[in-house]
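Below: one structure, written as structure tokens.
Residue numbers (this note's numbering): 2 to 176.
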């Protein structure tokens, strides 16, 4: 039952954030609040099984959502900009050395692995090809594999990103 309540709260809050600023009651109209409640009920009934899998509700803590927002706005965004510039330069100059590297960032939780894999895939020049949930290994295709990574059997996760240690941010958020 708690997973449905948590999913309802998250869906309702997301709806309210997306529709803010158009109403009579503080930031919303009465119709929007009722519609948001109905939509959140439908969403929670349909997706609570996947949204809150298992008995681990650690992502329901508001501080983790604040950390997630902070992560997306600062470290991830800056790495995304850097990667776009890097890919543009590599395309213009033609200096690429593509390859597949194996990385184990030490992330255990399913949500953490999902967040890490998506952070890699959304960054230009890299793509998560496969992840092993049990061992925590990720196989990543890179547009330019650094020479020190080529020599390693399992590459260091810190070498994937230039400015921030993304795997440590993900661990802070999800574990």
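Quick reminder that beta carbons are idealized off the backbone N, C-alpha and C, glycines included.
Test item: CB-CB of residue 156 and residue 166 under 7 Å: Cβ distance not < 7 Å, so residue 156 and residue 166 don't count as in contact.
Going by C-alpha distance, which of 133, 97 and 146 is nearest residue 107? Measuring from the Cα of residue 107, the nearest candidate turns out to be 133.
Taking all protein chains shown into account, do 16 or more other C-beta atoms lie within 10 angstroms of the C-beta of residue 63, making it buried, or fewer, making it exposed? Of the residues assessed, residue 63 falls on the exposed side of the cut-off, its CB having fewer than 16 other CB atoms within 10 angstroms.
Residue 100, enclosing beta strand (DSSP E) - first and last residue: For residue 100, the uninterrupted beta strand (DSSP E) run begins and ends at 100–104, by DSSP.
Outcome for residue 80 when other beta-carbon atoms lying within 10 angstroms are tallied against a minimum of 16: The residue is buried, with at least 16 neighbouring Cβ atoms inside 10 Å.
Looking only at its chain, what residues have a beta carbon closer than 8 Å to the beta carbon of residue 164, apart from the 5 residues adjacent to it on each side? Result list for residue 164: 76, 79, 80 and 83, in chain order.
So, with DSSP's three-state summary, where would you put residue 29? DSSP places residue 29 in strand when its eight states are reduced to three.
CA-to-CA distance, residue 137 to residue 105, given in whole angstroms: Their Cα atoms are separated by approximately 6 Å.
Are the CB atoms of residue 61 and residue 9 within a distance shorter than 7 Å? Not a contact, by the Cβ cut-off of 7 Å.
Would you call residue 2 buried or exposed, if buried means 16 or more other Cβ atoms sit within 10 Å of its Cβ? Counting Cβ neighbours within 10 Å, residue 2 comes out exposed, since fewer than 16 surround it.
Sorted by chain position, which residues of the same chain lie with C-beta nearer than 8 Å to residue 21's C-beta, five sequence neighbours on each side aside? Hits under 8 Å: 28 and 29.
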